[in-house]
Structures are given as structure tokens and as C-alpha cells.
Amino acid sequence: MSEEEKEVFNQQDKDTISIKNDSLEYEIIILEIGFNTWLQSIAQPRGYYTQEFMENRNRIFVINWNQRVQQPLKYDPNIYQLQIFYDPNIDYGYEVNYQLYNFFIYFQRKYKQRLGPFAPRIK
-14 MSEEEKEVFN
-4 QQDKDTISIK
6 NDSLEYEIII
16 LEIGFNTWLQ
26 SIAQPRGYYT
36 QEFMENRNRI
46 FVINWNQRVQ
56 QPLKYDPNIY
66 QLQIFYDPNI
76 DYGYEVNYQL
86 YNFFIYFQRK
96 YKQRLGPFAP
106 RIK
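Everything in the sequence shown is counted per the working numbering, starting at -14 for the first residue and increasing by one.
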């Protein structure tokens, strides 16, 4: 983890990002301090990952996330607060998948969590 990433993780300023796919009317709102800064400065740029790659990872991440939300005695309910409704049969488009995927990478790195069988890497 770089010093720049550590700085972002230690931010205290409120940070809200709205993820929209206007043509399909899907929206995700992420209320996570530092995420927007991390997305703009540390995450891989748009186009680095294919939509198919991110969809496959997002499916795994969402399943594991939702299982943890449902087990508040086992997993910290302060970080696993709400379920994510992600239907693998819906094409949410590149932007929604890009920002959701990067939220999961950010979350796993910041909170030292593992939502799948692979390490949450940036590169």
C-alpha cells in the first residue's frame, strides 16, 4: 500500500459519489469517506478493465458482501450495513460496473477485508 493510498484512507472529509447509468436508469450512491479521491487518484483508469471482467468480479463481491451483511455477529455491522442488489442478468453498463468494482477494491484495501478468492489489487 502506497503512502498516497494510506493518506486517502485516513481522510475525514465526507465524500459522496453517485453512480448512474442514465440510459438504463440505474443508480448507486456510495457514502464512503475518501472513495471519490481514491477513485480519481489511485484506481486504474476507465478502460483498464473490460466490463465482463468487472461484472464477474462484482458478482462474487456482491454475494460475499450480502452474506456478511446478514451475519452481524460474525462481521462488523459498522462496515457491512446494507445489502447490495445486483442482478447478474442485467447489463448495468460500463460506468456502474467500473465504480462498483472500484468501490469493492477500495473497501477491501481500506478495511483489510477479502470478498473473494483473490487479493484486492490495483495493478
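All C-beta atoms in this analysis are idealised placements derived from N, C-alpha and C, irrespective of residue type, glycine included.
Asked                                                                                                                                                       : Found
May I have the straight-line CA-CA distance separating TYR77 from GLU37, to the nearest angstrom?                                                           : 11 Å
Rank TRP23, ILE14, LEU16 by C-alpha distance to the C-alpha of GLU(-8) and give the top, closest one.                                                       : TRP23
Which parts of the stretch 70 to 96 are runs of the alpha helix (DSSP H), unbroken and 4 residues or longer, counting only runs that do not cross its ends? : 79 to 96
Using only alpha-carbon positions, find the residue among ARG31, ARG106, PRO62, TYR83 that is nearest to ARG44.                                             : TYR83
In whole angstroms, what is the alpha-carbon distance linking PRO30 and VAL54?                                                                              : 29 Å
Which whole-angstrom value is the C-beta distance of ASN51 and GLY101, which I expect to be below 8 Å?                                                      : Actually they do not touch by this definition, with Cβ atoms about 13 Å apart.
Our contact map puts LEU85 next to ILE13 with C-beta atoms below 8 Å; I'd like the distance itself, whole angstroms only.                                   : 6 Å
Taking its Cβ as the centre, do 16 or more other Cβ atoms sit within 10 Å of LYS97, making it buried, or is it exposed?                                     : exposed
Which residues in the same chain have their Cβ closer than 7 Å to the Cβ of PHE46, if we skip the five residues on either side of it in sequence?           : PHE89, LEU100, GLY101
Buried or exposed, going by whether 16 or more other CB atoms sit within 10 Å of the CB of TYR65?                                                           : buried
On a Cα-Cα basis, can you pick out the residue from GLU40, GLN56, GLU(-11), ARG42 that is closest to GLN25?                                                 : GLU(-11)
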